[in-house]
Every structure is written in structure tokens, then in C-alpha cells.
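Report on one structure; see the data block that follows.
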Amino acid sequence: MVVPTSIAFYKNDLPNFYISDNQKDSLDYINNNISNKDYLNFYTPYDILSKNKDKYIYYNTDHHWTQLGAYLSYLDMFDYKYDNKILFNNYNKVSNDFYGTYYSKALLPMIKGDSIYSYSTFNNFKIEVDFDKTYNTLYDNDKLNGKNKYQYFLHGDPAFAIIYGDKNKSNEVIVFKDSYAHNLLPFLTNNYSKIHVVDPRYYNIDLEDYLNKNPNITEALFINNIQSFNSTFYK
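Letter by letter, the sequence shown follows residues 198 to 432 of the numbering used here.
Structure (C-alpha cells):
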């Protein structure tokens with residue numbers, strides 16, 4: 198799952214001197230080069246996000262997408278039917294003064310802060326973070342008092358985590374992620390009994406050993422924004 202950044206949809210709001218590659222062309226290139234591999238499925242939420250770009254799917258002052266953008270993508274990836282009632286059910290504002298990474302680079306005083314919304318029904322799940330911390334929620338209200346309020350999702354930027362999802366499921370998934378995954382991962386509690394989360398930027402896992410010790414893992418999911426996917430790690 199390779200996620201476009203907001204630049205893909207709002208180029209008209211950028212200064213004329215800003216030059217950016219066409220992300221749709223890049224995503225098509227990736228798809229065309231891996232689509233012949235029967236063990237690998239490629240998905241990008243480009244089309245569903247483009248259709249909903251009039252909604253609040255990206256932050257204005259930060260490089261991340263909102264949880265609404267992530268939920269739209271989750272529903273589309275799993276081919277679930279939805280309407281606006283489902284889309285905004287239990288979607289509540291938790292902060293209205295988020296100033297993210299873009300703001301930190303520009304520091305323009307006239308810029309209005311972002312609002313953070315989250316789906317309350319996807320919060321009350323157990324998560325183990327970085328081997329030494331355990332929480333009974335996936336959202337961290339204390340992070341809303343800090344500078345980087347996006348850390349509200351998934352208790353910061355964990356290198357490793359295990360999320361305990363639907364107890365009635367038996368299948369498990371391992372997710373290799375960047376921070377774009379943080380507000381999408383809660384939705385996977387619908388689909389898996391456990392979600393094993395690895396951030397390869399911070400944790401060099403012995404994958405063969407880990408899979409041998411966790412035989413119920415039957416799928417691997419990579420969730421990255423297109424900029425991370427183009428990083429030296431994946432090259």
C-alpha cells in the first residue's frame with residue numbers, strides 16, 4: 198500500500214516555483230513493475246483520495262493524512278461498501294490546534310492550526326509498544342498536550358508494536374510501516390486477531406526467526422507514503 202502525499206491533489210495551492218513529479222505516474226510505474234508477481238498485491242488509495250479531495254483528508258500544516266483519509270483508503274482496499282453515515286459515524290474532534298511538520302518549516306504566524314479527528318470505536322484495543330509498554334487504548338490523549346499531536350495515534354512513533362484485534366479471528370498480519378500507517382492500523386482490528394507492527398527505520402527485525410515463532414502470521418502488509426517508499430531503505 199503506497200499512499201500519495203497531499204501534493205498529488207493540491208498542486209494549485211503551491212507556489213509556482215515548486216516542482217514535483219507526477220505521483221500518479223510514479224504509482225502506475227510501481228504497479229506495472231510488480232503486477233506480474235502472483236504472491237504480491239499492489240494497492241494505492243490514489244483514486245479514492247482523488248474522488249474525496251474536497252474532504253478533510255490531509256492536514257494543512259503537516260505532511261500526514263487525516264484518519265478520514267486513512268479510513269476511506271481502508272474501506273476501499275478491503276472493498277467495503279460505505280456511505281457518509283458510516284464514514285462520519287463516531288468521528289470526533291479531539292484537538293483544534295495542531296501545527297505539524299510543514300508549519301515547523303515555515304513558521305508563518307497567520308496560518309490556522311489543524312483539527313485532529315479520530316474514530317472512537319477503534320480505540321479500545323490492547324497494544325504492546327517497543328517491548329516495555331502496554332496500553333488498553335490505541336490513542337494517547339496525553340500526546341495532544343505536546344507539540345507533535347500526531348503522536349496521539351499509536352502512542353508516538355513505535356519501532357515495534359503488537360495490536361490485539363478481533364478475538365474471533367485466527368489470522369494475524371505483520372505490517373511494515375512508516376508513520377502514515379498509525380491512523381490506519383486501528384481499522385485492521387476488524388480483520389485480524391493480532392497486528393504485528395514493525396518500523397524498519399528504527400528496528401532491524403530478524404524476520405525469519407520472528408515468523409517461525411508466530412506461525413499464525415499469514416500475510417505481510419507494507420504501508421508507506423510514496424516519499425518513504427522512494428527512500429534508500431527500499432532501494
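C-beta: ideal position from N, C-alpha, C; glycine also.
No experiment lies behind these values; they were computed from the predicted model shown.
The beta carbon of residue 217 is closer than 6 Å to those of 204 in its chain, skipping five residues each way along the sequence. Using a 10 angstroms sphere on the CB of residue 421, the tally of other CB atoms reaches 16 or more, which defines it as buried. Per DSSP, the unbroken alpha helix (DSSP H) holding residue 248 starts and ends at 243-248. Within the same chain, and ignoring the five residues on either side of residue 310 in sequence, the residues whose Cβ sits closer than 6 Å to its Cβ are 294, 295, 296.
By the CB criterion at 9 Å, residue 291 and residue 241 fall outside the cutoff. Nearest neighbour of residue 318 by Cα position, chosen from 392, 264, 375, turns out to be 264. The alpha-carbon separation between residue 385 and residue 362 amounts to approximately 7 Å. If you ignore the 5 residues before and after residue 350, its C-beta comes within less than 7 Å of the C-beta of 336, 379, 380, all in its own chain and listed in chain order.
Inter-segment contact for the segment 269-279 and the segment 315-334 is absent: fewer than three beta-carbon pairs are separated by less than 8 Å. When rounded, the separation of the alpha-carbon atoms in residue 259 and residue 303 is 11 Å.
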